[in-house]
Each structure stands twice: as C-alpha cells, then as structure tokens.
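*Asks:* If you scroll down you'll find the structure; I have some questions about it.
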Amino acid sequence: MLDQSLIPPQRCSPRPPARTVTVGFDGSRASLAAVSWAAAEARRRGVALRLLHVWDLGPDVHSPLVGHGVPEADPRATAARVRHDHPGLSVFTLDRCGEPASVLCRAAGASEMLVLGSRGLGGPAGFAVGSVALTVVARTRRPIVLVRDPVPMTGGDVVLGLDLSHPCDEVLEFAFSHANLRGAPLRVVHSPHPSGDHGPEAAGRGIPADTAAASHRLARVIDQWQHAFPGVRVTAEIRPGRTARQLLAASGTAGLVVIGRRNRNSRLGPHTGVVNRTMLHHCRVPMAVVPHD
Numbered sequence: 052m053l054d055q056s057l058i059p060p061q062r063c064s065p066r067p068p069a070r071t072v073t074v075g076f077d078g079s080r081a082s083l084a085a086v087s088w089a090a091a092e093a094r095r096r097g098v099a100l101r102l103l104h105v106w107d108l109g110p111d112v113h114s115p116l117v118g119h120g121v122p123e124a125d126p127r128a129t130a131a132r133v134r135h136d137h138p139g140l141s142v143f144t145l146d147r148c149g150e151p152a153s154v155l156c157r158a159a160g161a162s163e164m165l166v167l168g169s170r171g172l173g174g175p176a177g178f179a180v181g182s183v184a185l186t187v188v189a190r191t192r193r194p195i196v197l198v199r200d201p202v203p204m205t206g207g208d209v210v211l212g213l214d215l216s217h218p219c220d221e222v223l224e225f226a227f228s229h230a231n232l233r234g235a236p237l238r239v240v241h242s243p244h245p246s247g248d249h250g251p252e253a254a255g256r257g258i259p260a261d262t263a264a265a266s267h268r269l270a271r272v273i274d275q276w277q278h279a280f281p282g283v284r285v286t287a288e289i290r291p292g293r294t295a296r297q298l299l300a301a302s303g304t305a306g307l308v309v310i311g312r313r314n315r316n317s318r319l320g321p322h323t324g325v326v327n328r329t330m331l332h333h334c335r336v337p338m339a340v341v342p343h344d
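When you line the sequence shown up against this note's numbering, it's residues 52 to 344, in that order.
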C-alpha cells in the first residue's frame, strides 16, 4: 500500500477562470521556455495562464517534458516572475500527482490550449519529444503547442501546413486567429506530390497540372477565410514533394508553425501520423498541433 506521506500535497491557487492557457511546468529549461511563450500567448488572448506541475511517483520511464517528481521546481515562484513580467495577467498554479499524460490530457480538455516544452538535441537528430508529449498530442482534442529550449525569439510569420484534401476549419481558424492576434503575416504552405501529368494550359507555362490545380484550390480556401480575418496578410506557397520536408524548409524563420492532426484510432490506440511525428521531432520553432475530425 502506498505511503500517503510520500505524496506531495495537491496545492492550488483559487479556481482559475474558464478561459485559460495551460502550460506544463517541471522547472526544466524547456518548460521555462514554454512558460515564457504561453504567458505571451495568454496575454494576447486576454485569458488566464495556468502553470500545471505534475508529480509522477512511478518509474522514471518518461523524458522530463513534464515532471517526474522535480522537488526543486517551484511553480509559485515562476508564477510570481510571470506576473512581474506581464502586469495584469492572471496567473494560477496547480499541483497534481498522477500519470503525466493522463493529467495533461485532462488539463488540455479544460483549456484553450496546452503548451509543453521540448528538449534540444542539436544537429540533424532533431529534438527529444518524449512519450508523455507524444501521447498527449495523440489523445487530446485541444490544440497543443510545443516550444523548444532556448526561449524562442519573438517575431516571424505564422506558417500553416495545409492538406487540401482535408482543409479543416479548426486548423485554418487557429492559424488565422493566431496571426491576427500577433499582427503577423500568415504563410499557407501546401505540398502536393507531383504526379508528372501536364495539362495543355499549364504545360504552356511550364507548370505541372497538379501544381496549377492545387494553386487554384489553395487560393479559394484562403479567400474564404480572408473575409473573416481581413487584417491578416496572407501568402500561399505550393511546394511539391514530401510534406514534412517541405514544411520544415518553409518554417526556418517562422514564429509559429501550425499543423493539423486527424482524430483517429488504430488497433494500437491513438497515433499522430508520419508527418506529425517528423515535425514534432525536427521543427526548430514553436509548433501548434490542432486536432480535427
């Protein structure tokens, strides 16, 4: 039987308001970068920031994206620093003991978005995205933003990786809304796989027919959303080739990359898909994963 004296007290601030941005916090440099990004985002949205500190007393099988018992991590001291840096922002802390992925999924369901940190590995290997973050990304129905260490630079445009076969409203609305809040340009990138077929009109201009057709479809989708967000400057890019490779190439100077994840289950449970996994491990800028049906 578990000794109750070993379980940290589940201390919390007064109940936060309904609209919150939640950030996973464990005292690591990666989670501090996530806190910095989440605080700025919460202030832009006019919502509260909730620092969630998860204690896991089980075996250390997870990478420290969100904490396996980090006693020196003090979310209250971090919250105080955030309040000092962002006057007027409502900041709350919450301690929970439990399996990190499950706790984070529940927190995501009650938030406008969940923000997590990822550890930098450097070089071509990309970045460590542990089993906790991968599980949460695969399971939750709310947007998740992963932020790498060090703290990302401000500025840059918003890059949306759009699948024209499933141009989902949830993903488009998130990207347009975020660009609108930041006053940043939005770059919509689509990567069709070239088929090698050439139509007469496109061939006359040296443009593959499938690329020309994709450009027309992409322009129609953008026009529909431009009416709802007239202040957002939008450009479109058609980058034939492997989706993840082209999106990574397009995102080098972005302030945020937005991709979608279809809600689907396999025999082995929820999963993220090849493109999402590649982006999660190799994207060097903050990245939002937006689930959709």
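Glycine included, C-beta positions come from ideal geometry on N, C-alpha and C.
Bear in mind the structure is a predicted one, so any value in this text is a computation, not a measurement.
In the DSSP assignment, find the beta strand (DSSP E) that holds P342 and state where it starts and stops.
*Replies:* Indexing the sequence shown from 1 puts residue 342 at position 291. Looking at the DSSP string, the run of the beta strand (DSSP E) that includes P342 is M338 to H343.
*Asks:* Mind the definition here: the stretch 298-306 touches the stretch 141-157 only if three or more C-beta pairs lie below 8 Å; say whether that holds.
*Replies:* Taking a cut-off of 8 Å for Cβ pairs, the stretch 298-306 and the stretch 141-157 do not touch, as fewer than three such pairs fall below it.
*Asks:* Measure the CB-CB distance between E163 and V98 and report whether it falls below 8 Å.
*Replies:* As a first step, residue 163 is located in the sequence shown; it is residue number 112 there, counting from the start. As a first step, residue 98 is located in the sequence shown; it is residue number 47 there, counting from the start. In contact: E163 and V98 (Cβ atoms closer than 8 Å).
*Asks:* So, using beta-carbon positions, are A93 and L140 closer together than 8 Å?
*Replies:* Here residue 93 refers to the residue found at position 42 of the sequence shown. Here residue 140 refers to the residue found at position 89 of the sequence shown. Yes, Cβ-Cβ distance for A93 and L140 is below 8 Å.
*Asks:* Using CA atoms only, rank isn't needed, just tell me which of L102, A265 and P194 is closest to R290.
*Replies:* Start at 1 with the first residue of the sequence shown, and residue 290 comes out as number 239. Considering only alpha carbons, the answer is A265.
*Asks:* V402 to H267, Cα distance in whole Å?
*Replies:* An answer regarding residue 402 cannot be provided, because it is not within the stretch 52 to 344 covered by the chain.
*Asks:* Name the residue from G311, V326 and H333 whose alpha carbon lies nearest to the alpha carbon of R192.
*Replies:* Walking along the sequence shown from the start, residue 192 turns up at place 141. With distances taken between Cα atoms, R192 lies closest to G311.
*Asks:* Quick check: the Cα distance between R233 and A263, rounded to an integer number of angstroms?
*Replies:* In the sequence shown, residue 233 corresponds to position 182, counting from 1. In the sequence shown, residue 263 corresponds to position 212, counting from 1. R233 and A263 have their C-alpha atoms roughly 31 Å apart.
*Asks:* With DSSP collapsed to three states, give me the class of R335.
*Replies:* Looking up residue 335 in the sequence shown gives position 284. In the structure shown, R335 sits in coil (DSSP, three-state: anything other than H, G, I, E or B).
*Asks:* Given a cut-off of 8 Å, decide if G207 and A91 are closer than it, judged by their beta-carbon atoms.
*Replies:* As a first step, residue 91 is located in the sequence shown; it is residue number 40 there, counting from the start. As a first step, residue 207 is located in the sequence shown; it is residue number 156 there, counting from the start. Contact: no.
*Asks:* Throw me the rounded Cβ distance for the R190 and A84 pair, which I believe falls under 8 Å.
*Replies:* Looking up residue 190 in the sequence shown gives position 139. Looking up residue 84 in the sequence shown gives position 33. The distance from the Cβ of R190 to that of A84 is about 23 Å, inconsistent with a contact at the 8 Å cut-off.
*Asks:* Indicate whether V239 and A287 have their beta-carbon atoms separated by less than 8 Å.
*Replies:* In the sequence shown, counting from the first residue as 1, residue 239 sits at position 188. In the sequence shown, counting from the first residue as 1, residue 287 sits at position 236. Yes, these two residues count as a Cβ contact at 8 Å.
*Asks:* Would you check if the distance between the CB atom of T129 and the CB atom of L102 is smaller than 8 Å?
*Replies:* For this step, residue 129 is matched to residue 78 along the sequence shown. For this step, residue 102 is matched to residue 51 along the sequence shown. Contact: yes.
*Asks:* Short of 7 Å in beta carbon distance, which residues of its chain neighbour V86, apart from the five on each side in sequence? Order them along the chain.
*Replies:* One-based indexing of the sequence shown puts residue 86 at position 35. Counting only Cβ-Cβ distances below 7 Å, and skipping sequence neighbours, we find V74, F76, L102, T129 and V133.
*Asks:* Give the straight-line distance between the Cα atoms of W88 and H278, rounded to the nearest whole angstrom.
*Replies:* One-based indexing of the sequence shown puts residue 88 at position 37. One-based indexing of the sequence shown puts residue 278 at position 227. Whole-angstrom Cα-Cα distance: 29 Å.
*Asks:* Can you tell which of S79, D107 and R127 has its C-alpha closest to the C-alpha of L100?
*Replies:* If you number the sequence shown from 1, residue 100 lands on position 49. Comparing Cα positions, the closest option is R127.
*Asks:* Could you give the distance in angstroms between the alpha-carbon of L269 and the alpha-carbon of D125?
*Replies:* As a first step, residue 269 is located in the sequence shown; it is residue number 218 there, counting from the start. As a first step, residue 125 is located in the sequence shown; it is residue number 74 there, counting from the start. Each residue's Cα considered, the two are about 47 Å apart.
*Asks:* Run through DSSP, which three-state label would L319 get?
*Replies:* In the sequence shown, the residue the question calls residue 319 occupies position 268. Per-residue confidence for L319 stands at a pLDDT of 48, beneath the threshold of 50, marking its modelled position as unreliable; the derived number appears in the next sentence. Reduced to three states, the DSSP call for L319 is coil.
*Asks:* Please report the distance separating the alpha-carbon of N327 from that of T294.
*Replies:* The sequence position of residue 327 within the sequence shown is 276, counting from 1. The sequence position of residue 294 within the sequence shown is 243, counting from 1. Approximately 10 Å, taken between the alpha carbons.
*Asks:* Measuring CB to CB, does A230 end up less than 8 Å from V308?
*Replies:* Here residue 230 refers to the residue found at position 179 when the sequence shown is read from its first residue. Here residue 308 refers to the residue found at position 257 when the sequence shown is read from its first residue. Not closer than 8 Å, so no.
*Asks:* Just to confirm my understanding: we take S228, look at its own chain, exclude 5 residues before and 5 after, and list those with CB closer than 8 Å. What are they?
*Replies:* Locating residue 228 in the sequence shown gives position 177, counting from the first residue. Excluding the 5 residues flanking it on each side, S228 has same chain C-beta neighbours closer than 8 Å at F280, in chain order.
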